[in-house]
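Please read the structure below before turning to the comments.
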Amino acid sequence: MQDKLPIISLKDVSVYYTVEGSEVKKALDGVSVALKAGEWLSIVGANGSGKSTLAGILMGFIPLSGGERNIPAKRIIRGVLQQPDAQVLGDTIEEEFHFALSHLHISNQDKESRRREAMHIVGLHHAPATAVAQLSGGQKQLLNIATALAARPDVLIMDEPAAMLDPDARDRLEHIVQTVTSKGTAVIWITHHLEEATLSDRIIAMDRGRCVYDGTPMAFFYPLTAEASIQGDVLQQKALQSPCEQLGLEPPFTVKTCLILKQQGKLQHVMPLRPEQLAKEVSRW
21 MQDKLPIISL KDVSVYYTVE GSEVKKALDG VSVALKAGEW LSIVGANGSG KSTLAGILMG
81 FIPLSGGERN IPAKRIIRGV LQQPDAQVLG DTIEEEFHFA LSHLHISNQD KESRRREAMH
141 IVGLHHAPAT AVAQLSGGQK QLLNIATALA ARPDVLIMDE PAAMLDPDAR DRLEHIVQTV
201 TSKGTAVIWI THHLEEATLS DRIIAMDRGR CVYDGTPMAF FYPLTAEASI QGDVLQQKAL
261 QSPCEQLGLE PPFTVKTCLI LKQQGKLQHV MPLRPEQLAK EVSRW
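Just remember that my numbering sits 20 ahead of the position in the sequence shown, which is counted from 1.
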């Protein structure tokens, strides 16, 4: 079916650059990604694993050393970077929206409507004439998110978007992503805070420039496979480490707590990812 086809894709892409004379650094090495409409994809990994390089390729900021970047020209792609000041173009909120929407063939009335709607969605209530310099770091990040949403993108790429937000704003941002993906926007969420990846549909894990995992959050955080051996009538199972643990990453608090309880013989048949899910399972004891 048409809605099952990728809207953008990378095929065997590589990014190499030279450091210290003739030494070649592989920032990305043979990575393939296909993204579908309405999908929430989290990209995780340690610092230097290639997460931000992958985001730069998807946004068209970084040239390829090899492979294919297949993104139709009609697709609208917007990005939100970790450092909000790196994206600010205008002196005022009004100017920021002007730059963000100037390429769209829509009326001024529609642009104004989109600005008001996007500001409301992210929870900013400043006048259009407000100077961007007066905003806090977190407010600037919310402004960047608002201008990206106002363009109504097909793909929204967010590189550590919650880094400068307080807990309430983080919760609001997660709800925003759930809303826009339900309407067909695909979201790529890049983070090293794994709690943020538990709501996504899919996780890609990066390690030294390569994709080493591509699958569901549950299979990433929990060791679903086991080595089994039969000794008489006894089935002994040796649980393997989860892909998350194999990469040396720290699982979310909810997952760590559940794994401890499993070692005590509890919650053997559930794999909660969110605190509210764990609380629900514990309440059934």
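All C-beta atoms, glycine included, are put in the ideal place defined by N, C-alpha and C.
For residue 134 and residue 170, the gap between their C-alpha atoms comes out near 5 Å.
As the crow flies, the alpha-carbon of residue 152 is around 21 Å from that of residue 179. Excluding five sequence positions before and after residue 192, the CB atoms of its chain that fall closer than 8 Å to its own CB belong to 142 and 143, given in chain order.
By the Cβ-count criterion, residue 160 is buried, with 16 or more other Cβ atoms from all chains shown falling within 10 Å of its own Cβ. Each of 34, 100, 42 and 239 was checked against the Cα of residue 291, and the nearest Cα belongs to 239. A direct Cα-to-Cα measurement between residue 67 and residue 212 gives close to 8 Å. With a threshold of 16 other beta carbon atoms within 10 Å, residue 94 falls short and is exposed. Taken atom to atom, the span from the alpha-carbon of residue 300 to that of residue 196 is near 24 Å.
In this structure, residue 73 and residue 47 form a Cβ contact; the two beta carbons are roughly 4 Å apart against a cut-off of 8 Å. In the DSSP assignment, residue 62 forms a beta bridge with 209 and 223. When secondary structure is reduced to three states using DSSP, residue 128 falls in the helix class. For residue 114, the CB contacts under 7 Å within the same chain, skipping 5 residues up- and downstream, are 148 and 149 in chain order.
The three-state reading of DSSP puts residue 39 in strand, counting E and B together. Distances from the alpha-carbon of residue 297 to those of 284, 83, 59 and 277 put 277 closest.
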